[in-house]
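To start, the structure itself, in structure tokens.
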Amino acid sequence: MMFAAAMAGVLAAMALTLVRALLGPTVFDRVLALNTFGTVTVLAIAVLGFLMGRPQFLDIALLYALINFVGTIAILKYLQYGDLGASGDSGKSPDAGEGGR
Amino acid sequence: MRLVGLYLALFVFWLLMSGHYEALILGFGIVSCAAAVYIARRKDIVDHETLSWYLKPKLPFYWLWLLGQILKANFDVAKRCVLPGSRIDPCVFLAPADQETSVGVVTYANSITLTPGTVSMQTWDHEIRVHALTRDGARDILGDEMGARICRVEGEQ
Amino acid sequence: MITATNLALLAFLAVLAWAIARIRNLFVVTMLAGIYSLLTATVFVLLDAVDVAFTEAAVGAGITTVLFLSALLLTDREAKPRKNRLASLGPMVLVVLLGAALVYTTLDPRMPHYGDAKAPAHGRLAPEFLADTVKQVGADKPTATHIPNVVTTTLASYRGFDTLGEVVVIFTAGVGVLILLGGNATRRRRRNPAPREESSGAGSSGKGAGA
Amino acid sequence: MALAVDIASWACLVAGALLCFAGGVGMIRFPDVYARSHAAGVIDTGGALFILLGLALQAGFTLVTVKLGLIGLLLFFTSPTATHALVKGALAGGLNPLCHQLTADETAALADKASP
């Protein structure tokens, strides 16, 4: 029962993070959402292991915590040092230009 | 010396992960850890800076203190996230970082980021640009209790 | 709660799939694909397929994202705008029909249901494999260890040659990808040779230290 | 004793779930990436910490607890690095924070107020 409560919170966080990933508006919002979604997935798998009575699943959660970090850093490296190109929605968010400072 | 430490750390990690202690599987673990250490040495990624840092006796106390700060900040930011009437007042400022080594500055910057409500945006040798969610958060950082504690951890042998 | 979790995860997957199909910015699609793969692996965990979840975690969320990004560096960030909406109607019908057929097979009373203990796969082979896992591997040395994981036994012992073939295929694919992506790097280096000097120097000194 | 542990882990799990939810709401509500990164920080630190703690209390002194601890440690080491890289990348990508830039005077004034 208590695991179900935790699972509900984690699922809610998943849904909200997913909405942020879909809405954007900037690329960095999506990367942030991806990173947070990874953390939430790690928690979800950990809770699921207990919910199903098989805590051995924690190995996957551990692997995820590692992979998620690598993925986020790779994306950010691509964004910052790779070929940024002219197209795409980076830096062109409606609230970045005039609203700043 | 460092390689031996790395090997031991890896092997302990392996033992905890595997949970099987039969001779054959232990042998696999020993061999794979050795291979990992060899590769780390070939790639020259054995850590040179932070090892002495982890041996400082005051570090665990700092971590405990930081944990308390993180919890306090968590509830504050969570309240601001959920309660409809609450307002945020983000600001950006430069905070001084008086740590002598780069590891110290990195520890400070990471501690700032780890505390919800403040994020370190850029770091230089003796300055960190911080984004704070509220003025109170900014005041906490500028009060420099965290920085002073890291300096104290850094100062001991 | 398990059912509710399942439903929620599948709903997330559906929303994500729709978004991936709609969004034309490939960079965003890459990131959404990463999230999709995280969700898929969670579903695999729910289905008790731990080894598949492991693979999905390592390959789907980690390596695929990086590979997609390297591919994006070589191509464009924006997909071509859709020209003809009607042209995608044919595949759509095909996919819907296939999906309906798959759903029908799960409903057909002659097929065993999901998790049915009386299904042929569970009736004869699985108990034999489970019983033999301990015996077969540790048979020659009674005191010696046995492989503690049934999946490992199946993959590496019962289906050893099959797994070897799979490994060869994956290795070939990996080499192919490296050639495709790395070949471009050499070309770029030839065009612009300055900044790569130090890495080759570090490589040779590392070799000296290792030997 | 078992009851006390159960109550404690109930409290931890509920707190973790609420913090996760709050962080998610913040991700939606806050105005720009920089502010949202604080909300993400709530999930990364508080939510993860409490949920892992609650699970560890249920698991008792076993390898499972050790693994939970390792997951927590890993999250606590990687999440600030990732967040910092993200915020730095956003700044380098030309995304101006939607907020007030404190001048040197204002910073000094805040610092004065902070140190009694």
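Going down the list, the protein sequences come from chains A, B, C and D. Residues in the first sequence are numbered from 47 upward in steps of one, following my numbering. Residues in the second sequence are numbered from 21 upward in steps of one, following my numbering. Residues in the third sequence are numbered from 123 upward in steps of one, following my numbering. Residues in the fourth sequence are numbered from 35 upward in steps of one, following my numbering. Ideal Cβ positions, reconstructed from N, Cα and C, are used throughout, including at glycine.
In chain D, which residues lie with their C-beta within 7 angstroms of the C-beta of residue i?
i        : result
A:LEU122 : ALA119, LEU120, GLY123
B:LEU114 : THR141
Can you give me the Cβ contacts of residue i inside the same chain, cut-off strictly under 7 angstroms, excluding the 5 residues immediately before and after it?
i        : result
A:ALA92  : LEU104, ALA107
C:ILE157 : LEU138
Helix, strand or coil for residue i? Go by DSSP, reduced to three states.
i        : result
B:LEU103 : coil
B:VAL66  : coil
C:GLU200 : strand
D:ALA143 : helix
B:GLU120 : coil
B:THR143 : strand
D:ILE105 : helix
A:ASN81  : helix
C:ARG246 : helix
B:VAL148 : A small correction: the amino acid at residue 148 of chain B is Ile; Val does not occupy that position in the sequence shown. In the structure shown, B:ILE148 sits in a strand (DSSP, three-state: E or B).
B:ALA115 : strand
D:ASP66  : coil
B:ASN130 : helix
C:HIS235 : coil
D:HIS72  : helix
C:ASN147 : strand
C:THR267 : Since pLDDT at C:THR267 reaches only 42, below the 50 mark, its modelled position is unreliable, and the value read off the structure follows with that caveat. Here C:THR267 sits in coil by DSSP.
C:VAL225 : helix
B:THR138 : strand
D:MET134 : Note that residue 134 of chain D is His in the sequence shown, not Met. Three-state result, D:HIS134: strand.
C:ASN128 : helix
B:LYS92  : helix
C:ASP170 : coil
C:GLY260 : Any reading at C:GLY260 is ruled out, since the residue's pLDDT is 48, under 50, leaving its predicted position unreliable.
For residue i, which residues from the same chain have a beta carbon less than 6 angstroms from its beta carbon, with the 5 sequence-adjacent residues on both sides left out?
i        : result
C:THR267 : The predicted model places C:THR267 with a pLDDT of 42, which falls under 50 and marks its position as unreliable; any figure quoted below should be read in that light. Nothing meets the Cβ criterion.
D:LEU89  : LEU102
Identify the contact partners of residue i in chain A, using a Cβ-Cβ distance below 8 angstroms as the criterion.
i        : result
D:ILE82  : The residue you asked about is not Ile; residue 82 of chain D is Ala in the sequence shown. Near D:ALA82 (Cβ distances below 8 angstroms), the residues of chain A are THR85, VAL88, LEU89.
C:VAL363 : The structure shown does not extend to residue 363 of chain C, since chain C spans only 123 to 333, so no value can be given for it.
Excluding the 5 residues flanking residue i on each side, which residues of the same chain have their C-beta closer than 8 angstroms to its C-beta?
i        : result
C:VAL167 : ALA175
A:MET60  : PHE83, VAL86, THR87, ALA90
B:VAL97  : PRO136, GLY137, LEU153
Give me the chain B residues within the contact set of residue i, using Cβ-Cβ distance strictly less than 8 angstroms, ordered along the chain.
i       : result
D:PHE64 : CYS101, ILE108
D:LEU97 : LEU36, GLY39
Along chain D, which residues have their Cβ under 9 angstroms away from the Cβ of residue i?
i       : result
B:PRO80 : The contacting residues do not exist; B:PRO80 stays about 13 angstroms from chain D at best.
Mind listing the chain D neighbours of residue i? Cutoff is C-beta to C-beta under 8 angstroms, in chain order.
i        : result
A:ILE106 : Going along chain D, no residue has its Cβ under 8 angstroms from A:ILE106, so there is no contact; the nearest lies around 10 angstroms.
B:GLN142 : LYS122, LEU125
Report the neighbours of residue i on chain C: residues whose CB is nearer than 8 angstroms to its CB, in chain order.
i       : result
A:LEU94 : THR127, THR164, VAL167, LEU168
Alpha carbon to alpha carbon, what distance is there between residue j and residue i?
i        : j        : result
C:VAL289 : C:ALA126 : 37 angstroms
A:PHE49  : D:ALA56  : 18 angstroms
B:LYS99  : B:LEU86  : 20 angstroms
D:ALA93  : A:GLN102 : 11 angstroms
B:LEU28  : A:LEU112 : 20 angstroms
D:ASN27  : C:PHE149 : Only positions 35 to 150 of chain D appear in the structure, and residue 27 of chain D is not among them; the question remains open.
D:LEU141 : B:LEU162 : In the sequence as presented, Leu is not what sits at residue 141 of chain D; that position holds Thr. Each residue's Cα considered, the two are about 8 angstroms apart.
A:VAL56  : B:CYS171 : 38 angstroms
B:GLN89  : B:TYR82  : 10 angstroms
D:LEU97  : B:GLY39  : 7 angstroms
D:GLY58  : B:ARG62  : 43 angstroms
B:LEU91  : B:PRO136 : 9 angstroms
D:MET35  : D:PHE95  : 15 angstroms
B:LYS78  : D:LEU108 : 21 angstroms
A:TYR127 : D:LEU91  : 44 angstroms
C:LEU229 : C:HIS235 : 8 angstroms
B:ILE132 : B:VAL139 : 6 angstroms
C:GLY212 : C:VAL218 : 10 angstroms
C:ARG226 : A:THR63  : A quick correction: the sequence has Tyr, not Arg, at residue 226 of chain C. Near 34 angstroms, if we compare the C-alpha coordinates of A:THR63 and C:TYR226.
Name the chain B residues whose beta carbon is nearer than 7 angstroms to that of residue i?
i       : result
D:SER71 : VAL139
For residue i, which residues in chain A fall below 7 angstroms Cβ to Cβ?
i        : result
D:ALA116 : ASN81, PHE115, THR118, ILE119
Kindly list, in the order they appear in chain C, the residues whose Cβ is closer than 9 angstroms to that of residue i.
i        : result
A:MET98  : ILE124, VAL167, LEU168, ASP170
A:PHE103 : VAL167, VAL172, ALA175
Name the chain C residues that come within less than 7 angstroms of residue i, Cβ to Cβ?
i       : result
A:MET53 : MET123, THR127
In chain A, which residues lie less than 9 angstroms from residue i when you measure between Cβ atoms?
i        : result
C:ALA155 : What C:ALA155 touches in chain A: nothing, since even the nearest Cβ is about 10 angstroms away.
Do three or more CB pairs link the region 125 to 132 of chain B to the region 72 to 92 of chain D at distances below 8 angstroms? no
Does the contact criterion of 3 or more C-beta pairs under 8 angstroms hold for the region 187 to 205 of chain C versus the region 115 to 123 of chain A? yes
State whether the region 137 to 144 of chain C contacts the region 70 to 82 of chain A, with contact taken as three or more CB pairs (one from each stretch) at a distance under 8 angstroms. no
Closer than 8 angstroms is the cut-off here; do at least three beta carbon pairs connect the region 57 to 72 of chain D with the region 96 to 115 of chain D? no
Taking one C-beta from the region 124 to 132 of chain C and one from the region 137 to 150 of chain B each time, how about it: are there three or more such pairs within less than 8 angstroms? no
So, does the region 30 to 38 of chain B touch the region 92 to 109 of chain D, judging by three or more C-beta pairs under 8 angstroms? yes
Any contact of the region 119 to 137 of chain D with the region 112 to 126 of chain B, i.e. 3+ C-beta pairs under 8 angstroms? yes
Give, in chain order, every residue of the region 107 to 119 of chain A whose Cβ lies closer than 8 angstroms to some Cβ of chain G. In the structure shown, chain G cannot be found, because the protein chains are A, B, C and D.
Determine, using beta-carbon pairs with one atom in the region 177 to 186 of chain C and one in the region 199 to 211 of chain C, whether at least three such pairs fall under 8 angstroms. no
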